[in-house]
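So, in structure tokens, the structure goes:
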């Protein structure tokens, strides 16, 4: 119960700070905000910094709590590591399926950075193959679930 109160106070504080920063923007003239750099820095920059730090804090807390939950439950940790191993194996397969040929534009010239043997080309191709493989697996599971539902 006490942690609920602390969480509610934290949420209220974050909302209050965000609201104040947002209202400060509406108090300024629109034209002045668009043209005056000093007003932009004094009014808009704090909201952007606050939002950025709030996003970073949220990501850190979410990842931290997820890892804590995994380490507290070894069975879930084994399942997660197994899933990551399967994904890594699929990434390796897609990397070997990808080519690193030159990338040509519509005029028949080689695109800048698209030379033959480029590692960027290889990783882009691997990403495409990875998406195709994962999409195919997802489609198979979708069809399997659909058939299973029809049989019931």
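Numbering (the numbering used here), first residue to last: 190 to 341. Backbone N, C-alpha and C fix where the C-beta goes; we use that ideal spot for every residue, glycine too. On a predicted model such as this, the values are computed, not experimentally measured, just so you know.
Which residues bound the alpha helix (DSSP H) around residue 214? Numbered from 1 along the chain shown, position 25 holds the residue referred to as residue 214. Segment 191–216, the alpha helix (DSSP H) holding residue 214.
Indicate whether residue 242 and residue 287 have their beta-carbon atoms separated by less than 8 Å. Along the chain shown, read from residue 1 onward, the residue named residue 242 stands at position 53. Along the chain shown, read from residue 1 onward, the residue named residue 287 stands at position 98. Taking 8 Å as the Cβ cut-off, residue 242 and residue 287 do not qualify as a contacting pair.
Looking at residue 209 and residue 217, is the spacing between their C-beta atoms short of 8 Å? In the chain shown, residue 217 corresponds to position 28, counting from 1. In the chain shown, residue 209 corresponds to position 20, counting from 1. Contact flag unset, no.
Measuring only the C-alpha atoms, how far is residue 279 from residue 322? Counted from its first residue, the chain shown places residue 279 at position 90. Counted from its first residue, the chain shown places residue 322 at position 133. So the two alpha carbons sit approximately 8 Å from each other.
Which residue wins for smallest C-alpha separation from residue 312, given the options 296, 281, 335, 295? In the chain shown, counting from the first residue as 1, residue 312 sits at position 123. Per the Cα distances, 281.
What's the C-alpha gap between residue 273 and residue 267? On the chain shown, residue 273 is found 84 positions in, with the first residue counted as 1. On the chain shown, residue 267 is found 78 positions in, with the first residue counted as 1. Their backbone Cα atoms lie some 10 Å apart in a straight line.
Nearest-angstrom beta carbon gap, residue 284 and residue 315 [assumed within contact, 8 Å]: By 1-based counting over the chain shown, the position of residue 315 is 126. By 1-based counting over the chain shown, the position of residue 284 is 95. Indeed, because the Cβ distance is near 4 Å, the residues count as touching under 8 Å.
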